[in-house]
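Inspection log for the structure reproduced underneath, given as structure tokens.
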Amino acid sequence: GAGVSQSPRYKVAKRGQDVALRCDPISGHVSLFWYQQALGQGPEFLTYFQNEAQLDKSGLPSDRFFAERPEGSVSTLKIQRTQQEDSAVYLCASSPRYLAGTDYTGELFFGEGSRLTVL
Amino acid sequence: QQQVKQSPQSLIVQKGGISIINCAYENTAFDYFPWYQQFPGKGPALLIAIRPDVSEKKEGRFTISFNKSAKQFSLHIMDSQPGDSATYFCAATFLGNQFYFGTGTSLTVIP
């Protein structure tokens with residue numbers, strides 16, 4: 001596809017339900033990031049993959065949050081037992097190369113996000 | 120602790136005017152400072168970026184000014200247009216492993 005695709009675009013969940021958010025990165029992009037964006041705030045880092053390896057998950061707010069990228073392309077962010085404070089837009093971004101090193105451009109290509117509302 | 124502090128929160132500028140958004144950072148290890156533009160319902164998109172060995176970078180109407188000693192950088196939008204109305208985020212990263220974003224500036228350009 002032409003860009004990063006996320007689904008669903010909108011999700012309403014009852015408190016306590018589990019949700020799964022999908023990200024299809026740009027084909028061939030090695031790096032993939034998940035960010036959480038609360039209303040009126042900047043994106044907050046959740047986790048980072050390089051191919052299928054999850055290199056950094058320090059931003060995941062609790063053990064209810066889990067992300068995977070089993071084949072190094074599509075990624076899923078799963079939130080178990082959702083709480084009202086989980087309501088936010090979840091952004092996925094991909095980047096075309098390994099970001100470590102001196103030659104990276106630093107450009108993240110973001111999807112349009114999945115808006116999660118927990119009632 | 121907020122790694123990148125951004126101001127102002129909102130900005131209203133007349134068409135043709137100059138829009139200025141400021142950011143300050145704490146971590147001197149940061150080596151890449153991008154600015155992202157976000158329209159409602161869309162994901163952020165890279166606008167312009169700078170590395171700390173350069174004091175200024177210009178791309179069209181957009182300029183980043185970088186002050187390494189003050190740990191500050193700013194975005195200048197010259198000849199602001201209504202189509203520039205969006206939310207702007209500054210960011211910083213070290214080796215690109217984690218990007219720290221500012222809280223955003225909502226820019227409105229009045230025709």
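Those protein sequence lines, which keep their order, are chains V and Y. Our numbering applies: residue 1 is where the first sequence begins, and numbers increase by one. Our numbering applies: residue 120 is where the second sequence begins, and numbers increase by one. Cβ atoms here follow ideal geometry from the backbone N, Cα and C, with glycine treated the same way. Bear in mind the structure is a predicted one, so any value in this text is a computation, not a measurement.
With a threshold of 16 other beta carbon atoms within 10 Å, residue 217 of chain Y meets it and is buried.
Between the C-alpha atoms of residue 25 of chain V and residue 7 of chain V there is a straight-line separation of about 12 angstroms.
By alpha-carbon distance to residue 69 of chain V, the top candidate from V:62, V:63 and V:78 is V:78.
Residue 85 of chain V sits in a helix when the DSSP states are folded into three classes. Proximity of chain V to residue 201 of chain Y at the Cβ level (cut-off 7 angstroms) is not reached, the minimal Cβ distance being about 22 angstroms. With a contact defined as Cβ atoms closer than 8 angstroms, residue 180 of chain Y and residue 196 of chain Y qualify at about 6 angstroms.
No Cβ-Cβ contact shorter than 8 angstroms links residue 92 of chain V with residue 12 of chain V.
Contact of residue 91 of chain V with chain Y by beta-carbon distance below 8 angstroms involves 162 and 163.
In the structure shown, residue 201 of chain Y falls within a helical segment according to DSSP collapsed to helix, strand and coil. A straight line joining the alpha-carbon of residue 141 of chain Y with that of residue 212 of chain Y spans about 17 angstroms.
Inclusion of residue 221 of chain Y and residue 156 of chain Y in the CB contact set at 8 angstroms is not warranted, their separation being larger than that value.
Secondary-structure assignment with DSSP links residue 186 of chain Y through a beta bridge to Y:191.
Judged by DSSP secondary structure, residue 117 of chain V falls within the beta strand (DSSP E) whose first and last residues are 114-118.
For the pair residue 200 of chain Y and residue 134 of chain Y, the CB atoms are nearer than the 8 angstroms cut-off.
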